[in-house]
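Inspection log for the structure reproduced underneath, given as structure tokens.
Residue numbers (the numbering used here): 9 to 199.
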């Protein structure tokens, strides 16, 4: 009788182990399916963001304030001096590969209300494959501190710090992390 109970216990343990293996395989498959679905959704979301090139104009709606504006990226360069300010005066311990990333932009108010651009929106700068990014230093974009009436436009440059080897392509992002997020691709002129 003991042998019979012992055999039943072994059989039950084997059956339980088999169920655990099946459940583990099923969970791994579900996890892989979920990861693939998440990757697909993320890729689709990234593809949905409007992307513009230098010289093109984007019409953007402020996600937070719900007004419209246009942005045109006129030029992009990496330089060691901007507005007669050498990078060594701006960045203590500047290395040879450090650069100002200068994005010349034209912003046009296409809404019905006046606003001060630097108070209402900003542009983030990063490598193309990164989320987030750096915000420009407003000391170089002083025109953005003045009121922009409907139909008016201003031209100036947004300035960031970067490294010439940081990326092959940079991206300027307006309305970051919103449904209105808009990108401008900026090829690295040093590569």
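Backbone N, C-alpha and C define an ideal beta-carbon position, used for all residues, glycine too.
Next item on the list: Could you check which residue in 199, 184, 198, 82 has the C-alpha nearest to that of residue 69?
Entry: The residue you call residue 69 lines up with position 61 of the chain shown. A check of alpha carbon separations from residue 69 across 199, 184, 198, 82 identifies 184 as the nearest.
Item checked: Cβ-based burial, residue 144 [other Cβ within 10 Å; buried from 16] -> In the chain shown, residue 144 corresponds to position 136, counting from 1. Flag for residue 144 reads buried.
Item checked: Reduced DSSP secondary structure (H/G/I, E/B, other) of residue 148 -> In the chain shown, counting from the first residue as 1, residue 148 sits at position 140. Residue 148: helix per DSSP, three-state reduction.
Next item on the list: Please report how far the alpha carbon of residue 195 lies from the alpha carbon of residue 60, in whole angstroms.
Entry: Here residue 195 refers to the residue found at position 187 of the chain shown. Here residue 60 refers to the residue found at position 52 of the chain shown. Their Cα atoms are separated by approximately 12 Å.
Next item on the list: Please confirm whether residue 76 and residue 119 have their CB atoms less than 7 Å apart.
Entry: Taking the chain shown and counting its residues from 1, one reaches residue 76 at position 68. Taking the chain shown and counting its residues from 1, one reaches residue 119 at position 111. Contact annotation: residue 76 and residue 119 have beta-carbon atoms nearer than 7 Å.
Item checked: Residue environment, residue 173, which counts as buried when at least 16 other CB atoms sit within 10 Å -> If you number the chain shown from 1, residue 173 lands on position 165. Exposed is the call here.
Margin query: Taking the alpha helix (DSSP H) that residue 97 belongs to, which residues open and close that run?
Written below: Looking up residue 97 in the chain shown gives position 89. Taken as a continuous stretch (DSSP letters only), the alpha helix (DSSP H) holding residue 97 covers 95–98.
Next item on the list: Sort out for me which residues DSSP pairs residue 117 with in a bridge.
Entry: To locate residue 117, count along the chain shown from 1; it is residue 109. Per DSSP, 77.
Margin query: Rounded to the nearest angstrom, what separates residue 57 and residue 130 at their Cα positions?
Written below: Residue numbering aside, residue 57 sits at position 49 when the chain shown is read from its first letter. Residue numbering aside, residue 130 sits at position 122 when the chain shown is read from its first letter. Their backbone Cα atoms lie some 17 Å apart in a straight line.
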